[in-house]
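See below for the structure under consideration.
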Amino acid sequence: MFAVLDTNHFSEMARHSVRGASLERRLSASGAQVFTTIVTPQEAFEGWFTLINRQSAGREQIRAYAQFQHCITLLMKLTILPFDGEAAEHFHRLQSERVRIGTMDLKIAAICLAHDATLLTRNLVDFEKVPGLRAENWLD
């Protein structure tokens, strides 16, 4: 299985949550090849930058930076699939078909379609609107 982590699945792993630990065990047991998309670092970094900038210098910021560093370390262990020409073609086709989901989610879907991958996401409501996309929730 060619599994792509959506940002919500990746974030659970990055936070060391109970669900994230369970997801890591399940991924390991499945033997799946695990990837993420270039959209996930973009979304994750935007979130971390916002959090870090809200914290005053001191313990809160030290903790936030440590968590951000762990996020980067985890990303470095994954192959990050690009938003390339083939993904862009899928993206524009889905737009022309009027698939009504957010732009970032549409990019994630397009990347998964370009690689014939299964998306692991908590957001099945939106991703089930994408024709031909396989999506599963491994967190709940």
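Offset between the sequence shown (1-based) and the working numbering: plus 19. C-beta: ideal position from N, C-alpha, C; glycine also.
Same chain, Cβ closer than 8 Å to residue i, five either side skipped, listed in chain order
i           : result
residue 120 : 128, 145, 146, 148, 149
residue 61  : 123
CA nearest to the CA of residue i, picked from the options
i           : options         : result
residue 50  : 142, 27, 29, 22 : 22
residue 126 : 95, 74, 87, 55  : 55
residue 100 : 41, 57, 142     : 57
residue 93  : 30, 159, 20     : 30
residue 95  : 45, 59, 65      : 59
Rounded separation between residue i and residue j - CA only
i           : j           : result
residue 52  : residue 80  : 34 Å
residue 67  : residue 37  : 20 Å
residue 156 : residue 138 : 8 Å
residue 113 : residue 134 : 15 Å
residue 89  : residue 33  : 7 Å
residue 151 : residue 86  : 35 Å
residue 154 : residue 47  : 18 Å
residue 117 : residue 42  : 33 Å
residue 111 : residue 132 : 12 Å
residue 69  : residue 109 : 31 Å
residue 45  : residue 65  : 28 Å
The beta strand (DSSP E) enclosing residue i, as first and last residue numbers
i           : result
residue 61  : First-last for residue 61: 58-73, but that is the alpha helix (DSSP H), not the beta strand (DSSP E).
residue 23  : 21-24
residue 153 : 153-155
residue 138 : 137-139
Element boundaries [alpha helix (DSSP H), containing residue i]
i           : result
residue 97  : It is not in any alpha helix (DSSP H) - residue 97 carries neither H nor E in the DSSP assignment.
residue 104 : 104-115
residue 124 : 122-133
residue 145 : 143-146
Close beta carbons around residue i, own chain, < 7 Å, minus the five adjacent residues each side
i           : result
residue 97  : 53, 54, 55
residue 158 : 28, 31, 38, 42, 141
Contact set for residue i: own chain, Cβ-Cβ below 6 Å, skip 5 residues either direction
i           : result
residue 74  : 80, 83
residue 136 : 21, 23
residue 142 : none
Residue i vs residue j beta-carbon contact at 8 Å
i           : j           : result
residue 63  : residue 26  : yes
residue 102 : residue 130 : yes
residue 35  : residue 140 : no
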